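Novice:
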Amino acid sequence: ILENICFTVNEGDKIGIIGINGTGKTTLMKIISGEYGYDEGDIYTSKDCEIGYLQQNTNFLSNNTILEEVLEVFKPLIDMENYLRELEHKIAEEGSKSSSPILDKLMDDYSHALEDFASKNGYGYKSEAKGVLKGLGFKDEDMDKPINILSGGEKTRV
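Under full-length UniProt numbering, think of the first position of the sequence shown as 1, with each following residue one higher.
Here is the structure:
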């Protein structure tokens, strides 16, 4: 399906892949993300590059809201955020003890995890997701709508 593909995406770029059905848009995304292999050529990414995409799928079987469904693409950041909350809880527990050799290790782990989280837009991913949804025509009050009640056209936009 794909021949002579060559393009560059720089940090911060927002791209769209447009074409008629059957021309390989989904195949290209699956190759770039590593989900599919390829016959020849090379894909170059920077060492800290993470590639994600929302698959085209209008068969939503979850009870997620529109926003929750879109946030699924940020699962690694959500997992990092949950890990930070766990560390905060452990730090609070250890900090209440008169002496804790574990506290220094927890604080060091927290510091590194927080730095990683911040460097990957951990504080902005929710706003980014809402901005994308607004750009697709959804309003603030739509964000909490269950995805399974949307029309086919609305599901396609999600």
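For each residue, glycine too, the CB sits at the ideal point set by N, CA and C. Everything numeric in this text was worked out from a predicted model, so none of it was measured.
Cα separation between residue 204 and D109?
Specialist: Since the first and last residues shown for the chain are 1 and 158, residue 204 lies out of range.
Novice: When the Cα atoms are used, what is the spatial distance from N10 to N4?
Specialist: Residue 10 sits at position 10 when you count from the first residue of the sequence shown. Residue 4 sits at position 4 when you count from the first residue of the sequence shown. So the alpha carbons of these two residues sit roughly 20 angstroms apart.
Novice: Do you know offhand how far Y38's Cα is from E50's?
Specialist: Numbered from its first residue, the sequence shown carries residue 38 at position 38. Numbered from its first residue, the sequence shown carries residue 50 at position 50. Looking at the two C-alpha atoms, the distance is approximately 19 angstroms.
Novice: Confirm, please, whether the CB-CB distance from F138 to I66 is below 8 angstroms.
Specialist: Along the sequence shown, read from residue 1 onward, the residue named residue 66 stands at position 66. Along the sequence shown, read from residue 1 onward, the residue named residue 138 stands at position 138. It is a contact, given that the beta carbons lie within the stated cut-off.
Novice: Can the beta-carbon of L87 be found less than 8 angstroms from the beta-carbon of K120?
Specialist: As a working note, residue 87 is residue 87 in the sequence shown. As a working note, residue 120 is residue 120 in the sequence shown. Contact: no.
Novice: If we define contact as Cβ-Cβ less than 8 angstroms, is D42 a contact residue for chain C?
Specialist: Of the protein chains in this structure there is only one, and it is not chain C.
Novice: Do you know how far the Cα of S99 is from the Cα of residue 166?
Specialist: It is not possible to answer for residue 166, since the shown part of the chain is limited to 1 through 158.
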